[in-house]
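Here is the structure we will look at.
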Amino acid sequence: MNQQQLDKFNLIVGAFLVPTGIMVIYQTLSKNTLWNGIFGGIGLILFGLSYLLQKRINGTAKIILSTSAFVCFVINLVIIFI
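Just so we're aligned, residue 1 is where the sequence shown starts under the UniProt record's numbering, counting upward by one.
Structure, rendered in structure tokens:
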């Protein structure tokens, strides 16, 4: 896979993850369910942004976005299993 195909793939993945995260948060708030959905939605949005902005942000910002998304997913899983 060359760099141009990888860039297109990152845009597709990012464009899919950000609205999915927004829908997860909206569904969680509208049904008044557990707050874990909000953390999962935030994680999806952050991962989507890191894919969408991959060419425009530096390495430190990518690490911060990915780490923040991972922390949100961990909080999501901890809330589910408690």
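Ideal Cβ positions, reconstructed from N, Cα and C, are used throughout, including at glycine.
On the three-state DSSP scale, how would you describe I79? Shown here, I79 sits in a helix according to DSSP, grouped into three states.
Under 8 Å by Cβ, that's how I've got F39 and I79 pegged, so tell me the actual separation to the nearest angstrom. Confirmed, Cβ separation roughly 7 Å.
Sorted by chain position, which residues of the same chain lie with C-beta nearer than 6 Å to N76's C-beta, five sequence neighbours on each side aside? Result list for N76: N36, F39, G40, in chain order.
Among I12, K8, N10, L17, which has the Cα closest to the Cα of I42? By alpha-carbon distance to I42, the top candidate from I12, K8, N10, L17 is L17.
By Cβ distance below 6 Å, which residues in the same chain neighbour Y51 in space, the five residues on each side in sequence not counted? Cβ within range, chain order: N10, V13, G14.
Figure out for me which residue from K55, I25, G21 has the closest Cα to the Cα of Q3. The candidate whose alpha carbon is nearest that of Q3 is K55.
Figure out for me which residue from L44, D7, K62 has the closest Cα to the Cα of I25. Selected option, being the one with the closest Cα: L44.
Hey, quick one: how far does the alpha helix (DSSP H) through L49 stretch, first residue to last? The continuous alpha helix (DSSP H) containing L49 extends over residues 36–52.
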